[in-house]
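Report on the following structure.
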Amino acid sequence: MVLRSSVFDIDTTANKKKYSLKSTIDLPVIESAGGLVCNRSNHILLMFKRGKWDMPKGRIEDRLCPEVSALREVEEETGLKANRLAIRGKLVSTYHTTSHQKKDYLKKTHWYLMDYDGNDDDTGPQVAEGIIECRWVPLSELPDYRELLRARINYVVDFWHQNLAYAPRD
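Take the sequence shown: its letters are residues 2 to 171, numbered as in the working numbering.
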């Protein structure tokens with residue numbers, strides 16, 4: 002069974018412009034996909050990017066399904082090999098405003114729960130994208146990261162933690 006929900010994080014855009022929820026209706030939508038990646042110890046993978054802890058995600062390219070895009074983005078941004086990743090299921094979708102080439106958008110991100118069955122030291126942050134570190138974080142240490150997690154990432158992590166963090170792997 003897949004649990005789904007959504008969150009709007011409407012107070013952030015690349016150009017710091019503020020939107021009301023109602024005004025986001027008229028923005029063009031772009032879609033992206035990403036992963037909450039768990040290792041064998043059930044630690045989650047976070048990346049440090051632009052002063053915040055984040056999770057790997059990126060734009061869905063033409064004709065790719067969200068699942069394939071999510072796997073590709075995790076591999077590109079973290080260095081983890083896609084053949085060592087398995088999607089366990091869909092988590093949630095989040096929405097936030099963003100800017101690209103001086104145009105504002107509403108960005109929908111599809112989040113997937115992924116298992117990683119490889120060496121934890123295999124991470125390699127994509128420095129060209131501003132990612133300076135990848136780190137496996139145990140559940141017990143998550144509170145230490147909350148202040149530097151984006152609101153939408155906090156939401157995804159909370160959803161996972163409350164619904165699936167202790168579920169056995171297949």
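Where is the CB? At the ideal position from N, CA and C, for every residue including glycine.
Check	Outcome
Proximity of Leu86 and Tyr117 at Cβ, strictly below 7 Å	yes
Candidates Phe160, Gly90, Glu148, Glu78: closest to Val128 by CA position	Glu78
Beta-carbon proximity of Trp98 to Gly35, cut-off 7 Å	According to the sequence provided, residue 98 is Thr. The question's Trp does not apply to it. No, these two residues do not count as a Cβ contact at 7 Å.
Span separating the alpha-carbon of Arg147 from that of Trp161	14 Å
Residue nearest to Ala166 in terms of C-alpha spacing, selected from Ile45, Ile31, Val30, Ser100	Ile45
Coil, strand or helix - Glu134 by DSSP	strand
For Arg60, three-class secondary structure by DSSP	strand
Inter-residue Cα distance where the pair is Asp145 and Cys135	16 Å
Top-ranked residue by Cα proximity to Met48, from Ala168, Pro126, Val157	Pro126
Inter-residue CB distance, Asp105 and Leu28 (contact presumed, cutoff 8 Å)	6 Å
Separation of Arg153 from Glu32, as counted between CA atoms	15 Å
Neighbour-count burial assignment, Glu142, 16 or more Cβ in a 10 Å radius	exposed
Beta-carbon gap between Leu140 and Trp54 smaller than 7 Å	no
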